[in-house]
Ligand code: AMP
């Protein structure tokens, strides 16, 4: 009588989550902002009914089990329908970040072997810049108006209108449900493939009180884009629990978001520090303009929030709660919430605790490792690279890329350098990966350096992250000009613009005679950072 198999091996799949939303919360409201600024309302019931028809239509087009389908969409109802339809029909939801350079997007869709793509009409220019490199079998367009579509494109609405609802096929929890690419330190982006099991468990875990504390009474507005790491799990958690959703569409300026907070009685939201910074400035400028009494917490993650920002929101009676995560961790890895041990702590001690990255989610294991391979003690002083493992942490990248990011005993190497205190609370102190995070999006300093050094007038170049109040970090290029040559910053910027999006280009170029190097010959970026940060202050 001791066999575990006497319990049902019920599949942990997104199909179960979609069916639960359909049965238990069909009337739960989904508000959305249209591109023209107006606000509309639909429901889980309506969205899933459309998702079933969409799935049949996609199957008619030949999309089957395991096929990746790309999306180039904002946080909008059609994206929600695809979040439901693709995994439930056995296909793979592959969300694309429209802000990437077209070369990068081109690489990503080729690597993922996407068979079809669903594009918002307003993003057709982005799509057309990269698609010749890969001819999709089907290009499906979500139209905003009645303008006729170019030859060969399929109308999303026409597709749904002509199809019968699909009965979901039997599921396998280990099958791929979604994928998302992450920018690497060097080289090309790497694909993270999420299983149904990982996302189903992640959805459940995200609702825990010590994590995002999500209930049926919540109305969630994800400012975080639905193309960024599964919108931090909020979509599937909302469907599982039965919370309302508000999808802000393309308008993510502070005023538009705050208007929705008020009109839709939003209770929780989530976004990167740059978004919150803009919102805080708007609130500081007009503290009485919005009634935000419904909001109980706002999750900040993707980059480190400052104490000043936390305190700034405290002054408006709004609570920022920090989470740490990665595309490779689905993304929730840890959340920072004070425990009982801080019951008698002063305000200052509480803020010190809130800017830490927090305690690992249940079932996520953490450890810190020094360069020499030794594990660090949990004394909040020793520093080491954070390694994690758990049921929603990647074990490999798509196509076996980046195998060095995984240890032999199955842990994922995050590239974040941390201290861990006796309670297991993380504090990120540095980054071992050579990347810059601007407004929640990555810029690879190594790739920028290589391209700069391919310029005929450049002898050496190092790119470093400079602290920036609005964007978190911005790139600064330190350049040694080749002997006898002269070159202007604008010419270098133009050279980089051929492969990089505008927001990825360095704001500043500093010309020096020599770049300091470490004993092993690498650029000494810490020295450069100290030099230029102190010059700025
Ligand atoms: P991504 O895969 O684009 O979500 O980026 C993940 C990386 O963002 C992490 O490895 C960290 O370097 C950084 N990050 C995420 N959350 C935080 C946070 N709360 N504080 C500091 N850095 C963060």
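Numbering (our numbering), first residue to last: 1 to 537. Glycine is no exception: its CB is placed at the ideal position from the N, C-alpha and C atoms.
Pick out the complete beta strand (DSSP E) segments inside the stretch 408-445, 3 residues or longer, and give them in chain order.
-> 412-420, 425-431, 435-438 and 441-444
Check: residue 168 C-beta below 7 Å from any heavy atom of the ligand AMP = no
Secondary structure at residue 467, three-state DSSP: helix, strand or coil?
-> strand
Touch check for the stretch 148-165 and the stretch 286-304: three-plus C-beta pairs under 8 Å?
-> The stretch 148-165, when compared against the stretch 286-304, does not touch it at the 8 Å Cβ threshold.
Within the stretch 304-335, ranges of the alpha helix (DSSP H) (whole runs, at least 4 residues) = Counting only runs of 4 or more, we get 307-315.
Answer yes or no: do residue 176 and residue 66 have a C-beta to C-beta separation smaller than 8 Å?
-> yes
Using 7 Å as the cut-off, classify the Cβ of residue 416 as near or not near the heavy atoms of the ligand AMP, replying yes or no.
-> yes
Run of the alpha helix (DSSP H) containing residue 500, from where it starts to where it stops = Residue 500 -> no alpha helix (DSSP H), and no H or E assigned at all.
Residue 404 - DSSP class collapsed to helix/strand/coil | DSSP places residue 404 within a helical segment (H, G or I) once states are collapsed to three.
Grouping DSSP H, G and I as helix and E and B as strand, with all else coil, what is residue 181?
-> strand
Given a threshold of 16 other Cβ atoms within 10 Å of its Cβ, counted over all protein chains shown, does residue 218 qualify as buried or as exposed?
-> Counting of Cβ neighbours within 10 angstroms places residue 218 among the buried residues, the total reaching 16 or more.
Would you mind reading off the limits of the alpha helix (DSSP H) that contains residue 273?
-> From DSSP, the alpha helix (DSSP H) with residue 273 extends over 273-285.
Residue 269, DSSP secondary structure in three states = strand
Are the C-beta of residue 239 and some C-beta of chain B separated by less than 8 Å?
-> Of the chains in the structure shown, none is chain B; there is only one protein chain.
May I ask you to report which of helix, strand or coil DSSP gives residue 382?
-> For residue 382, the secondary structure class from DSSP, reduced to helix, strand or coil, is coil.
Residues bridged to residue 43 by DSSP?
-> 29
Where residue 538 and residue 394 are concerned, what is the direct C-alpha to C-alpha distance, given to the nearest angstrom?
-> What is shown of the chain runs 1 to 537, which leaves residue 538 out entirely.
Three-state secondary structure (DSSP) of residue 9 | coil
Near residue 539, which residues of its chain fall below 7 Å by C-beta distance, leaving aside the five closest residues on each side in sequence?
-> Because the chain is modelled from 1 through 537, residue 539 falls outside the range shown and cannot be assessed.
Drop a sphere of 10 angstroms on the beta-carbon of residue 310, count the other beta-carbons inside from all chains shown, and report buried for 16 or more, exposed for fewer.
-> Burial state of residue 310 is buried, judged by a 10 Å Cβ sphere holding 16 or more other Cβ atoms.
Pairing CB atoms from the stretch 249-263 with CB atoms from the stretch 277-287, are three or more of them under 8 Å?
-> The way I'd put it, the stretch 249-263 does touch the stretch 277-287; three or more beta-carbon pairs between them come closer than 8 Å.
Short Cβ contact (8 Å threshold) for residue 191 with residue 398 | Between residue 191 and residue 398, the C-beta spacing is below 8 Å.
From residue 442 to residue 504, what does the alpha carbon distance come to, in whole angstroms?
-> 8 Å
Assigned secondary structure, residue 398 (DSSP; H/G/I helix, E/B strand, else coil) | Judged by DSSP in its simplified three-state form, residue 398 adopts helix.
Give the DSSP-derived three-state secondary structure of residue 127 in the structure shown.
-> helix
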